[in-house]
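The block underneath contains the structure these notes are about, expressed in C-alpha cells.
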Ligand code: IMP
Ligand code: MG
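Residue numbers (the working numbering): 524 to 702.
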C-alpha cells in the first residue's frame, strides 16, 4: 500500500489540493473572463493537476501538451532542457497558460516560455501547482502558484520518483529514496 510506505508523509491532502486548485481555476476564469484559453500541460507530471484545474475553469478552454526533459539524469539538473514533445498546433494569438507540476530550478519553465513566445501568443501565463523558490537557478515567477514549499522532494498528484508514486492522491514528502 503506497499510503503505508514508511518513506512517505503527507504534505498536502487531497482536500487541501482540491481547495487550492478550485481557487486557481476561479482566478484564471476571472482573469480571462469572456475569452478562450489554451492550457498547455508539461508531461507527465502536470497531467493530474491539469485535469483538475481544467474542470475548475469555467471559461472556454482547449488543451495541448508538451514534453521536456533535462539532459542531466536525476534530480540535479545539468542546465540544458530539450523538447521531447512539441505542440500539436501553433498558439499564435492565443491566451496560453503553461501548466506545470512543480517549479524547481526554473530551467524547464524558462525554456518552455522562450519556446512558446516564438509563437507570438496573445498572452502567456504560467501555473505551477508547487513552487520551491529556494532551488531557483534561473529567476522565474509563476503567475499562478498552488503552494510554496521548502526544499523537499515531493511525490504524488502527478509527481514521481523514477516514475513511481504519480497516482497518489495526496502530495507527500519522500524522505529517503527507496530502491
Ligand atoms: P526545473 O526545471 O528544475 O524547475 O524542474 C522542474 C521539474 O523537475 C519538474 O517538472 C519535475 O519533473 C522535477 N522535480 C523537481 N522537484 C521535484 C520534486 O520534488 N518531486 C518530483 N519532481 C520534481
Ligand atoms: Mg516534470
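By construction, the Cβ of each residue, glycine as well, lies at the ideal position given by its N, Cα and C atoms.
Counting along the chain, residue 605 sits inside the beta strand (DSSP E) bounded by residues 604 to 608. Minimum Cα-Cα distance from residue 608 among the listed residues 567, 667, 683 corresponds to 567.
Proximity of the stretch 628 to 643 to the stretch 666 to 679 falls short of the contact definition, fewer than three beta-carbon pairs being nearer than 8 Å.
Only residues of its own chain outside the window of five on either side were considered, and among them 654, 656 have a CB closer than 7 Å to the CB of residue 671, listed in chain order. The count of Cβ pairs closer than 8 Å, one atom from the stretch 611 to 621 and one from the stretch 549 to 567, reaches three, so the stretches are in contact. Across the structure, residue 578 and residue 678 are spaced so that their CA atoms are roughly 22 Å apart. In this structure residue 581 is exposed. Its beta-carbon is surrounded by fewer than 16 other beta-carbon atoms within 10 angstroms. In terms of side-chain proximity, the C-beta atom of residue 622 is found no nearer than 7 Å to any non-hydrogen atom of ligand 1. A direct Cα-Cα distance of roughly 15 Å separates residue 659 from residue 604. Residue pairing by DSSP places residue 618 opposite 560, 646 in a beta bridge. Residue range 537 to 554 is occupied by the alpha helix (DSSP H) that includes residue 554. Burial of residue 623 is indicated by the presence of at least 16 other C-beta atoms within 10 angstroms of its C-beta. When rounded, the separation of the alpha-carbon atoms in residue 640 and residue 647 is 8 Å. In the structure shown, residue 627 adopts coil according to DSSP, grouped into three states.
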